[in-house]
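In this text, residue positions in the sequence shown follow UniProt numbering: the first is 1, and each later residue adds one.
What follows is one structure encoded as structure tokens, with my remarks underneath.
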Amino acid sequence: MTRTEELPDLIPGGHLAQVATATTTLAQLYGLRRDAIERQHLEEMRDLQRQQERAETLQRQEERDQQRQAERASDKLERRQDQAERDLLMQQRREADKVERRQEQAEREQRIQEQREAEKQERRQEMLAREQERDAKTDERNRQREAEMAAREQERRRNRIGQLEGRAERAKLDIGEAIGELREAERRLEWLKKEAALKHDEFAEALESKAPKWQLQRADDNARRADEEVRRGGAHVKKAEGRVTRAEAAYRRELDALTEAQRDYNNHTKAGQQTAEQKAMAEQPEAEQEQAATNDPAAEQQPTGQEPEPNPGDSLVIADPEGAEALEAARHVVTPAEGHEAAKSTSSTTAAAPPAAAQEHKPRKTR
């Protein structure tokens, strides 16, 4: 206890105690004003130093810019001279190449004229063979293109299933994060409610003990701030519940899309297998006829004019059971509603100690 606080006990009367209190208050105010003046002076000195450093930086930048401009002008002049020399050399080369090309062109025209007459007859003879070969290749390319398109389409469906599996997994992780955030928000709300009750108790104790006005005002402000924090905590809990609901809805949508994609993939896989079986059954008699024609020498000399049908083994049939297994595993995950109920039961049994996020609460950004 200081000597100022002992005055009411040593000297009778309350005037001397008030004078001592006022003197102490004035001394504190004078010290605060002196500290403020010193801080202002230091801030002005720092501002002046920053301005000087900025001016020096600008001056150095101007010097560097002038030096760069001089270097650019010198480089530009050198490039112009080099370009003029290269242009002259290229012009001379062009003239020489032009004369040489004229001579070569005359020789080529003479050779071409001689070859045209010889090739004309050869083209007439080869035209029919090329047309037949072209038709056969066109039919083969069409069959290959159809098979490749079917394979690419099935591959796209398989990739779609993989993407939807990843999205469903991410949606499940989002549900876990949302439930964790809801638990943390509920624990913080419980802690804030207890803190608000303590602040109200302190205010009631201050009223009962007839504390000074400033102490009552501070207790009242603390209680109001605690109530505001409780209101904010409740809003944060509602926001977390909304995020859990949205995450559950997104997870259900991803599961529905995954189910639909798996159904589409299975339907096209079965359709491809049925088409391959039908082709195999239709091509079996034709294969027997071709085998008989191969064994008959007279049939080899007389072309039938029919194109060979594609081998049923060439048609690509994709059957991937991984998509179905992944879909079945995705359906057996924990239901989001069960996780939400578990979160509520856990938050109701938590201890009264303040959570880690209560001391420095920063809302996380949701995706």
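Beta carbons are placed, not taken as given, at the ideal position from N, Cα and C, and that holds for glycine.
For Lys-98, the enclosing alpha helix (DSSP H) begins and ends at 15-208.
The distance from the Cβ of Leu-192 to that of Ala-257 is about 40 Å, inconsistent with a contact at the 8 Å cut-off. For the pair Ala-178 and Val-237, the CB atoms are not nearer than the 8 Å cut-off. Ala-185 is positioned such that its CB atom lies no closer than 8 Å to that of Ala-250. Scanning its chain for C-beta atoms nearer than 7 Å, with the 5 sequence neighbours on each side dropped, one finds no residue around Gln-83. Our two residues, Leu-198 and Gly-180, have alpha carbons roughly 27 Å apart in a direct line.
Counting of Cβ neighbours within 10 angstroms places Leu-182 among the buried residues, the total reaching 16 or more. Arg-167 and Arg-152 have their alpha carbons spaced roughly 22 Å apart. Comparing alpha carbon positions, the residue from Ala-240, Lys-194 and Glu-109 closest to Asp-174 is Ala-240. In the three-state reduction of the DSSP assignment, Ala-211 falls in the coil class. In this structure Ala-226 is not in contact with Gln-215, their Cβ atoms being roughly 16 Å apart against a cut-off of 8 Å.
The alpha-carbon of Glu-202 is positioned some 57 Å away from that of Ala-55. Closest by C-alpha distance to Asn-159, out of Asp-264, Leu-48 and Leu-26, is Asp-264. With a contact defined as Cβ atoms closer than 8 Å, Gly-234 and Leu-189 qualify at about 6 Å. With distances taken between CA atoms, Ala-204 lies nearest to Ala-219 out of Lys-194, Ala-219, Glu-195 and Lys-213. Using a 10 angstroms sphere on the CB of Ile-161, the tally of other CB atoms reaches 16 or more, which defines it as buried. In the assembly as shown, Leu-255 is a buried residue. Its beta-carbon has 16 or more other beta-carbons within 10 Å. Closest in C-alpha terms to Glu-228, from the list His-200, Pro-212 and Arg-253, comes His-200.
Of His-15, Arg-94, Glu-260 and Ala-196, the smallest CA-CA separation from Val-230 is found for Ala-196. The straight-line gap separating the alpha-carbon atoms of Gln-18 and Thr-24 is approximately 10 Å. When only Cα atoms are considered, Ala-96 and Leu-89 end up about 11 Å apart. Residue environment: Glu-62 is assigned as exposed (fewer than 16 neighbouring CB atoms within 10 Å of its CB, all protein chains considered). C-alpha of Ala-261 to C-alpha of Arg-157: approximately 7 Å in a straight line.
In terms of CA proximity to Arg-252, Glu-169 leads the group Arg-187, Glu-169, Pro-212 and Lys-210.
Listed in chain order, the non-local C-beta contacts of Glu-208 below 6 Å within the same chain number zero, local neighbours out to five positions each way being set aside. Taking C-alpha positions only, Arg-79 is separated from Asp-87 by approximately 12 Å. Under the criterion of beta carbons closer than 8 Å, Gln-154 and His-268 qualify as touching, at roughly 6 Å.
Counting only residues of its own chain and dropping the five nearest sequence neighbours on each side, Arg-116 has no CB closer than 7 Å to any other CB.
Within the same chain, no residue comes within 8 Å of Pro-212 by CB-CB distance, once the 5 residues on both sides are set aside.
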